[in-house]
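A short write-up of the structure that comes next.
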Amino acid sequence: MATHRTLHGTPYPAPPPNPLKPDPLDALAPQHTPHSEPAHPTRTLIVVLIALLTLAGLAYGGGIAVDRIVEQRRIEARMGPKPSLAQLPAIEVPLGGLRAVEMQVSLVLAPKVKADRVLRYQDRIADRLFQTVSQADAETLTGTGSAAFLKQSIRDAVNREAGTGLIRDVYIERMVVK
Numbered sequence: 000m001a002t003h004r005t006l007h008g009t010p011y012p013a014p015p016p017n018p019l020k021p022d023p024l025d026a027l028a029p030q031h032t033p034h035s036e037p038a039h040p041t042r043t044l045i046v047v048l049i050a051l052l053t054l055a056g057l058a059y060g061g062g063i064a065v066d067r068i069v070e071q072r073r074i075e076a077r078m079g080p081k082p083s084l085a086q087l088p089a090i091e092v093p094l095g096g097l098r099a100v101e102m103q104v105s106l107v108l109a110p111k112v113k114a115d116r117v118l119r120y121q122d123r124i125a126d127r128l129f130q131t132v133s134q135a136d137a138e139t140l141t142g143t144g145s146a147a148f149l150k151q152s153i154r155d156a157v158n159r160e161a162g163t164g165l166i167r168d169v170y171i172e173r174m175v176v177k
């Protein structure tokens, strides 16, 4: 007959526990007796109704969230993704006398251009824009077409200082003539 030994000793160093024999530690722990009375039917009904209402509320909230996500994607498909912007610092240019133009400008960047590529030249762009706008007369900056003039001046300053092809458009966020 073959022995039950392996190269590493016996397969079970201690005999397995007997499932039919009660554990002596279980006798020390307090024993809980199961409730013998059945659950009340109205209590069960209330618990089930609360669970169903909770699931219905979660489904409603999830439906609203999915609807908003789908709506946002539909808008993005129609209008395209949000453009990346580079915001130039606020500039105040005196016009002569007591008048001045205060403006805040954002640049719409070309698709693969990072904002850092333009913003590292923001001081030079602001100086160039200050020179261009201060040379213009007050009527050019306050009359009709002043926004178009200002946009073209900003575009020229960016193209000259940072390079061409970096911006698509210019957003004038604030332009106040004081």
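Going by numbering that gives the first Met the number 0, the first residue of the sequence shown is number 0, and it counts up by one from there.
Even for Gly, the Cβ is constructed at its ideal location relative to N, Cα and C.
Can you tell which of the options has its C-alpha closest to the C-alpha of residue i?
i      : options                     : result
Leu118 : Ala50, Ala156, Val100       : Ala156
Tyr120 : Leu84, Pro93, Asn158, Tyr59 : Asn158
Pro82  : Tyr170, Ile68, Arg42        : Tyr170
Arg127 : Val112, Lys111, Gln151      : Gln151
Glu172 : Leu97, Ala89, Gly164        : Ala89
Specify, as a first and last residue, the run of the beta strand (DSSP E) that residue i falls within.
i      : result
Val168 : Position check: residue 168 holds Asp in this sequence, whereas Val was assumed. From DSSP, the beta strand (DSSP E) with Asp168 extends over 166 to 176.
Leu87  : No beta strand (DSSP E) holds Leu87; DSSP gives it neither H nor E.
Ala99  : 98 to 108
Classify residue i: buried if its beta carbon has 16 or more other beta carbons within 10 angstroms, exposed otherwise.
i      : result
Val100 : buried
Met78  : exposed
Ala76  : exposed
Met0   : Unreliable placement is indicated for Met0, whose pLDDT of 48 sits below 50; the coordinate value is still reported in the next sentence. The residue in question, Met0, is exposed, as its Cβ has fewer than 16 Cβ neighbours within 10 Å.
Val69  : exposed
Val65  : exposed
Ile45  : exposed
Ile63  : exposed
Ile153 : buried
Are the beta-carbon atoms belonging to residue i and residue j less than 9 Å from one another?
i      : j      : result
Glu160 : Arg123 : yes
Ala125 : Leu87  : yes
Ser133 : Val92  : yes
Met174 : Gln103 : yes
Val176 : Leu94  : yes
Ala85  : Ala114 : yes
Val112 : Ile74  : no
Taking the alpha helix (DSSP H) that residue i falls in, what are its first and last residues?
i      : result
Arg73  : 40 to 78
Ala114 : 114 to 118
Lys150 : 145 to 160
Asp126 : 121 to 134
Thr163 : Neither: Thr163 is in no alpha helix (DSSP H) and is coded neither H nor E.
Review point. Contact between the segment 101 to 114 and the segment 136 to 145: three or more CB pairs below 8 Å?
Key: Taking 8 Å as the limit for Cβ pairs, the verdict is that the segment 136 to 145 does not touch the segment 101 to 114.
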